[in-house]
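So that you can map any letter, position 209 of the sequence shown is 280 in my numbering, and since no number is skipped, the others follow by simple counting.
Beneath this line is the structure, given in structure tokens, with notes to follow.
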Amino acid sequence: MPFYAVAKGRKVGIFHHWDQVKPLVNGFSGPKFKKFNTEAEANKFVEENSGEQTPREIHNTKRPRFESNLNLIYQEADLIPKKSIAPSLAGLKISRSADKYDIEEELPPEIYTDGAARGNGTMHTISGYGVFIGRNHTNISVSWRNCKKYAGSAYPTNQTLELLAIRHGLKLIESKKPPIIVIKTDSQFGINCLTKWSEGWKKKGWKKTDGKQVVHKDILIDCLDIMDRIKYSTNLQFEHIRGHQGHYGNEMADLLANLACDSP
72 MPFYAVAKGR KVGIFHHWDQ VKPLVNGFSG PKFKKFNTEA EANKFVEENS GEQTPREIHN
132 TKRPRFESNL NLIYQEADLI PKKSIAPSLA GLKISRSADK YDIEEELPPE IYTDGAARGN
192 GTMHTISGYG VFIGRNHTNI SVSWRNCKKY AGSAYPTNQT LELLAIRHGL KLIESKKPPI
252 IVIKTDSQFG INCLTKWSEG WKKKGWKKTD GKQVVHKDIL IDCLDIMDRI KYSTNLQFEH
312 IRGHQGHYGN EMADLLANLA CDSP
């Protein structure tokens, strides 16, 4: 397999796919990258040309990691304002449908998902989720009333809505089939469910180590099925980000989720 070494670009590292490298070097001033047949040669190139001792990570072949600078990529695509402003839903195009996946616009390199549940897991829970795609895109804000049909027997907890938000993001990706995309979420639980725990749960008939049924089984099966269908068309990556830390995309997804909570 080839090893693409990027010593100078938006991200330094070693990659196995040109589609990963292209967004990192195109338009970058003075990029330095080269294709090698061995990992050792690629490592040496990065060490000698990047000023770093070793690349931080080797990006694997099955689900290669793609990272980008949000402000740089989004500003070039004119998806968020170039000046730092407070997140706001003013003027944003928003869909309230849990079944809208065929938006007109192409997807950017990153999308953000978030869920909210006020009263978390009680009969009085008010909940919803949001998917932030971009300032010039159709964004998603869905209340529990409109999405509970996809939750199976799961109660409307924060975790339930986080997973439903990820599910909607995956459906958008399945519809648009971008070559590379990152789903960014502040739910480490959601990421772990889909990338770490689900395989073991499936082998045990969707039961946990205590013998109890996995609460979010229906949503997870749906998500995993989508991931399986897109694995050859899209290089998908999940990334955990800390919530409520002033990250523009995450704050926008949070506003969309809370808008859904306030919807009738």
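Glycine included, each C-beta is placed from N, C-alpha and C at the ideal position.
How far does the beta strand (DSSP E) with residue i in it reach, from first residue to last?
i	result
Glu-310	306 to 311
Asn-191	Per DSSP, Asn-191 belongs to no beta strand (DSSP E) and is neither H nor E.
Thr-256	251 to 256
Lys-79	74 to 79
Ile-165	164 to 166
Thinking residue i and residue j are a contact (beta carbons under 8 Å), I'd like their distance in whole angstroms, please.
i	j	result
Asp-174	Val-202	Before going on, a small fix: residue 174 reads as Ile here, not Asp. Contact flag wrong, Cβ pair sits at about 10 Å.
Thr-209	Ile-237	Going by Cβ atoms, the distance from Thr-209 to Ile-237 rounds to 18 Å, so no, they are not a contact pair.
Thr-305	Ile-244	6 Å
Ser-212	Ile-165	5 Å
Can residue i and residue j be called in contact, C-beta distance under 8 Å?
i	j	result
Ile-292	Thr-184	no
Gly-223	Ile-290	yes
Gly-205	Pro-179	yes
Ser-258	Leu-295	no
Ile-312	Leu-241	no
Ile-252	Leu-327	no
Pro-227	Lys-220	no
Just the C-alpha distance for residue i and residue j, rounded to the nearest angstrom, thanks.
i	j	result
Ile-85	Lys-279	37 Å
Lys-106	Asn-97	16 Å
Leu-234	Glu-119	43 Å
Val-92	Lys-103	11 Å
Trp-277	Gln-230	17 Å
Lys-171	His-239	9 Å
What span of residues does the alpha helix (DSSP H) with residue i cover, start to end?
i	result
Tyr-337	For the chain, the structure presents residues 72 to 335; residue 337 sits outside this window and is missing.
Phe-203	Here Phe-203 belongs to no alpha helix (DSSP H); instead the beta strand (DSSP E) covers 197 to 203.
Asn-108	No alpha helix (DSSP H) contains Asn-108, which DSSP labels as neither H nor E.
Ser-269	269 to 274
Thr-231	229 to 247
Asn-217	215 to 218
Indicate whether the contact test is met: 3 or more Cβ pairs, each with one atom in the region 182 to 189 and one in the region 157 to 165, closer than 8 Å. no
Can we say the region 72 to 90 touches the region 108 to 119, given the rule of at least three CB pairs closer than 8 Å? yes
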